[in-house]
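Residue numbers (our numbering): 657 to 984.
The beta carbon of each residue, even a glycine, is placed where N, CA and C say it ideally should be.
Structure, as structure tokens:
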Ligand code: SF4
Ligand code: MG
């Protein structure tokens with residue numbers, strides 16, 4: 657399938673009064689049409705910042721892109737004009753957020769917000785835009801769409817607002833959708849419904865989908881590939897089946913050990929000891945070494961490069977081969 661997005665060796669710093677935080681320290685990932693890439697990691701690992709850099713919506717300052725490339729269908733967006741970036745935003749790459757309430761404007765009806773894009777960006781008439789907005793609300797299964805198109809965001813439940821935001825993101829028919837923790841604020845049943853909906857829409861439209869999450873259980877269901885992030889880097893990238901069969905990085909192993917398993921009811925879950933590092937002061941060598949049960953002395957000084965394990969799988973660990981084969 658067609659390669660849509662390539663993020664290459666992306667570096668981003670936050671220049672704050674407390675010093676320089678290295679927020680992205682060489683991020684690489686790619687997404688093809690029809691593929692779901694889950695980007696997994698603890699908060700502060702750089703998942704959202706990578707997505708914001710791709711979208712061109714980083715808060716700058718304090719954020720500064722200090723290196724790398726973001727290529728959409730071969731075109732480097734980091735060096736594109738602001739006009740071109742605006743075109744790409746929404747039209748080719750769209751993003752949905754955790755908090756629909758802050759993404760939707762409370763003073764306009766849901767319909768107006770969808771229709772505005774269609775009129776301004778596609779030059780549709782008011783009447784056609786209304787018709788299309790109702791269709792879009794139908795696609796995301798908002799009941800009584802013809803009536804609800806005239807309602808305001810606060811009249812929608814949390815799950816319905818999330819659906820409305822998905823409808824809005826689809827208005828300009830993007831080829832790539834980035835969903836940043838799209839279900840985190842919702843209760844478990846609604847979470848599952850929204851994930852099902854996203855997966856279905858992605859498959860139907862053959863879109864690329866980047867699903868940002870801290871929840872390994874969510875990605876198991878819908879992702880084709882997983883990129884695991886830690887301290888501003890990808891530490892492992894693998895096919896989802898491969899990764900669940902046998903993790904290729906100690907951090908992924910630790911995440912898996914903390915995952916609740918239905919077949920092991922009552923078993924105490926292992927949690928990862930320690931805290932993610934401060935990005936103002938990332939540990940030298942392998943940034944995971946203070947928390948890693950497999951760490952050896954070279955891990956404290958030598959930074960592991962991304963190492964290929966075959967089948968498009970990579971891991972940034974000195975002992976990746978031993979880890980993936982289950983040897984200690
Ligand atoms: Fe652990 Fe060392 Fe591998 Fe880092 S390089 S993950 S510290 S074993
Ligand atoms: Mg985030």
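Please classify residue 935 as buried or exposed, where buried requires at least 16 neighbouring CB atoms within 10 angstroms. Flag for residue 935 reads buried.
Is residue 968 near the ligand SF4 - that is, is its Cβ less than 8 Å away from at least one heavy atom of it? Every heavy atom of the ligand SF4 is 8 Å or more from the Cβ of residue 968, so no.
Residue interval of the alpha helix (DSSP H) (run including residue 786): 782-795
Residue 974: which of 966, 967, 950 and 982 sits nearest, CA to CA? With distances taken between Cα atoms, residue 974 lies closest to 950.
Output the distance between the C-alpha atoms of residue 732 and residue 807, rounded to the nearest integer angstrom. 39 Å
Beta carbon of residue 725, beta carbon of residue 663: below 9 Å? In this structure, residue 663 lies closer than 9 Å to residue 725 by Cβ.
Nearest neighbour of residue 850, chosen from 880, 796 and 831 [CA to CA]: 796
Contacts around residue 748, its chain only, beta-carbon distance under 6 Å, and the 5 residues preceding and following it disregarded: These residues qualify, in order along the chain: 830 and 831.
Compute every distance between the C-beta of residue 950 and the non-hydrogen atoms of the ligand SF4, then say whether any falls below 8 Å. yes
Residue environment, residue 681, which counts as buried when at least 16 other CB atoms sit within 10 Å: buried
What are the start and end residues of each continuous beta strand (DSSP E) run of 3 or more residues lying completely inside the stretch 791-876, in chain order? Within the stretch 791-876, the complete beta strand (DSSP E) runs of at least 3 residues are 832-836 and 864-869.
Per-residue burial, residue 769 [other beta carbons within 10 Å of its own, 16 or more giving buried]: buried
Please state the DSSP three-state secondary structure of residue 763. Three-state DSSP puts residue 763 in coil, outside helix and strand.
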